Amino acid sequence: LAKELKKRLPYQLDYVYFTNSGTEGVETAIKFARCATGRAGIIHAQNSFHGLSTGSLALCGDNTFKEGFTPFMPDTYTVPFNDLPALEEVLTRSKIAAFIIEPIQGKGVNIPDKGYLTEAARLCRKHKALFIADEVQTGMGRTGKFLALEHDEDVDPDMVILSKSLSGGYVPVGAVLTRKWVFNKVFSSMERSVVHSSTFGQGSLAMVAGLATLEYIDNKKLIENARRMGNLVGERLKSLSEQYEFIHDIRWRGLMIAIEFSEPKSFSLRAAWNMVHKLNKDLFPQAVTIPLLQDYQILTQVAGRHIDVIKLIPPLIIDEEDVNYFVNSFSKVMDNLHKFPGPVWEVLSRIGKSIFAKNNVDEKLQYASYQ
1 LAKELKKRLP
11 YQLDYVYFTN
21 SGTEGVETAI
31 KFARCATGRA
41 GIIHAQNSFH
51 GLSTGSLALC
61 GDNTFKEGFT
71 PFMPDTYTVP
81 FNDLPALEEV
91 LTRSKIAAFI
101 IEPIQGKGVN
111 IPDKGYLTEA
121 ARLCRKHKAL
131 FIADEVQTGM
141 GRTGKFLALE
151 HDEDVDPDMV
161 ILSKSLSGGY
171 VPVGAVLTRK
181 WVFNKVFSSM
191 ERSVVHSSTF
201 GQGSLAMVAG
211 LATLEYIDNK
221 KLIENARRMG
231 NLVGERLKSL
241 SEQYEFIHDI
251 RWRGLMIAIE
261 FSEPKSFSLR
271 AAWNMVHKLN
281 KDLFPQAVTI
291 PLLQDYQILT
301 QVAGRHIDVI
311 KLIPPLIIDE
321 EDVNYFVNSF
331 SKVMDNLHKF
341 PGPVWEVLSR
351 IGKSIFAKNN
361 VDEKLQYASY
371 Q
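In case it helps, our numbering puts the sequence shown at residues 1 to 371.
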């Protein structure tokens with residue numbers, strides 16, 4: 001499996017360390033970076049998500065996940081996503097071991113400017129820090145290339161983390177691809193051969209599942225399919241956006257697609273928008289995800305807290321018939337959403353009031369517990 005992964009990467013990453021999950025991969029990358037550089041600092045981006053174990057949670061850009069679990073790993077630094085001057089400023093003033101980045105952020109499906117990843121890797125090299133690409137969600141062909149990094153030219157990562165779809169989603173597996181000198185710094189002697197390991201890491205079933213997944217991706221040309229179907233979905237949604245006031249932006253790379261909503265211009269819909277957001281800032285996207293699932297059996301995700309974005313990450317095997325079904329179903333949901341008053345808004349109002357009432361009860365109970 002290590003050989004097959006290395007064959008698919010256009011980078012000089014010599015060694016593969018296998019884990020059981022993406023968050024284990026991130027923990028591995030943190031330890032490897034600190035050991036290899038002799039430095040402690042780890043930079044991550046705002047709104048990032050790298051897992052929920054103790055080390056990876058310290059690199060999470062959403063504080064909601066952190067409540068109740070402090071203190072975290074020290075020497076971590078946050079910079080805005082897609083902001084090279086901010087990155088260089090931290091690299092310059094601090095002893096940084098590595099910068100870890102999702103090539104496309106899972107929370108919000110934020111896509112960086114062309115050349116950002118290339119320049120970020122160059123800045124890391126300039127300041128003797130490692131550049132780590134967390135491709136747990138974006139890798140394995142999801143974005144129309146094997147790695148999302150490949151959408152930028154001449155990116156030169158020091159580590160790449162893969163997981164999730166590496167086994168087709170059936171068997172726990174993850175992989176950290178890294179440079180030979182980094183690996184040898186960590187495992188520098190026989191005595192250090194056990195300084196980092198996992199009981200079930202590199203299990204036979206996981207390795208076989210990984211090989212089968214790669215073979216299927218190749219035989220069915222799923223990376224090319226992700227690129228073609230992603231462009232088809234994106235362009236179809238772009239054409240729909242002119243019909244619906246709520247749609248603000250459609251963005252995608254392959255089959256990683258975001259639909260972003262914003263406040264409409266018409267008075268009645270604007271009033272409905274403001275009402276829902278006053279009840280709960282996370283409520284509006286549910287007006288799309290719930291009917292898509294209940295009425296059309298289409299699973300989409302709210303792309304993050306307090307953002308009006310839904311995310312579509314369909315299987316790489318979808319075809320034009322599936323695309324047509326999704327676009328037509330989404331259009332029907334949007335038709336209903338643009339009718340105010342209407343049943344969709346009544347449901348949202350009930351959900352919002354229920355959340356509001358529960359929050360009030362929780363606050364009273366919390367207050368009483370301190371008395």
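Think of the CB as a built atom: it goes at the ideal place given N, C-alpha and C, for glycine as much as any other residue.
Just so it is clear, the structure is predicted and the values come from calculations on it, not from any experiment.
Check	Outcome
Hey, could you find the ends of the beta strand (DSSP E) Ile96 is sitting in?	Ile96 to Ile101
Could you tell me if Gly352 is buried or exposed, where buried requires 16 or more neighbouring beta carbons within 10 angstroms of its beta carbon?	buried
Apart from the five residues on each side of it in sequence, which residues of its chain come closer than 8 angstroms, Cβ to Cβ, to Asp282?	Val302, Arg305 and His306
Given that a residue counts as buried once 16 or more other Cβ atoms are within 10 Å of its Cβ, and exposed if not, what is Asn184?	exposed
Return the residue from the list Asp156, Tyr15, Val333 and Asp134 that minimises the CA-CA distance to Ser56.	Asp134
Taking the runs of the alpha helix (DSSP H) that are 4 residues or longer, which of them lie wholly in the stretch 179-247?	180-186, 204-219 and 222-241
When you compare only the Cα positions, how much space is there between Ala36 and Glu260?	41 angstroms
Let me know the secondary structure DSSP gives Asp322 once reduced to three states.	helix
What number of angstroms, rounded off, separates the C-alpha of Tyr370 from the C-alpha of Arg122?	Any reading at Tyr370 must be qualified, since the residue scores a pLDDT of 47, below 50, and its modelled position is unreliable; the value itself is stated next. Distance between the alpha carbons of Tyr370 and Arg122 is about 52 angstroms.
Nearest to Lys278 by alpha carbon, out of Ser204, Leu348 and Ser331?	Leu348
Determine which residues share a DSSP beta bridge with Thr19 and list them.	Gly174
Tell me whether Pro10 is buried or exposed, calling it buried when 16 or more other Cβ atoms sit within 10 Å of its Cβ.	exposed
By a C-beta neighbour count over all protein chains shown, 10 Å radius and 16 as the cutoff for buried, is Asn274 buried or exposed?	exposed
Taking Gly254 as the reference, which of Gly230, Glu245 and Glu263 has the closest Cα?	Gly230
Please give me, in chain order, every unbroken run of the alpha helix (DSSP H) with length at least 4 that falls completely inside the stretch 117-144.	none
Where does Tyr367 sit, in a helix, a strand or coil, going by DSSP?	Model confidence at Tyr367 stands at a pLDDT of 42, short of 50, so the residue's coordinates are unreliable and nothing is read from them.
In the DSSP assignment, find the unbroken alpha helix (DSSP H) run with Leu293 in it and report its ends.	Gln286 to Tyr296
Can Ile104 and Val136 be called in contact, C-beta distance under 8 angstroms?	no
Going by beta carbon distance, what residues of the same chain come within less than 6 angstroms of Val171, once the five residues before and after it are set aside?	Leu205, Ala206 and Ala209
With the cut-off set at 8 angstroms, would you say Leu312 and Glu4 are in Cβ contact?	no
Could you check what DSSP says for Leu57 in three-state terms: helix, strand or coil?	helix
Taking C-alpha atoms, which residue in Tyr325, Pro71, Asn328 and Ala129 lies nearest to Asp156?	Ala129
If you measure between the beta carbons of Gly398 and Phe49, is that distance less than 8 angstroms?	Lying outside 1 to 371, the shown extent of the chain, residue 398 is not represented and no answer is given.
DSSP has Gly108 in a bridge; who is on the other side?	Answer is none; Gly108 lacks a bridge partner.
Does the Cβ of Glu27 have 16 or more other Cβ atoms within 10 Å, making it buried, or fewer, making it exposed?	buried
For a test of the three-state rule: what should DSSP assign to Phe330, helix, strand or coil?	helix
When you compare only the Cα positions, how much space is there between Ser197 and Ser329?	47 angstroms
Have a look at Phe200 and Leu166 and give me their C-alpha separation to the nearest angstrom.	16 angstroms
Reducing DSSP to helix, strand and coil, say where Met73 ends up.	coil
Since Leu91 contacts Cys124 with CB under 8 angstroms, what's their CB separation in whole angstroms?	7 angstroms
Phe72 and Pro112: beta carbons closer than 8 angstroms?	no
Helix, strand or coil: which one does DSSP assign to Glu260?	strand
Quick check: what's the CA-CA separation for Ala272 versus Val288?	15 angstroms
Considering only their Cβ atoms, is the gap separating Asp83 from Leu117 smaller than 8 angstroms?	no
Can you tell me where the beta strand (DSSP E) with Leu312 in it begins and where it stops?	Val309 to Leu312
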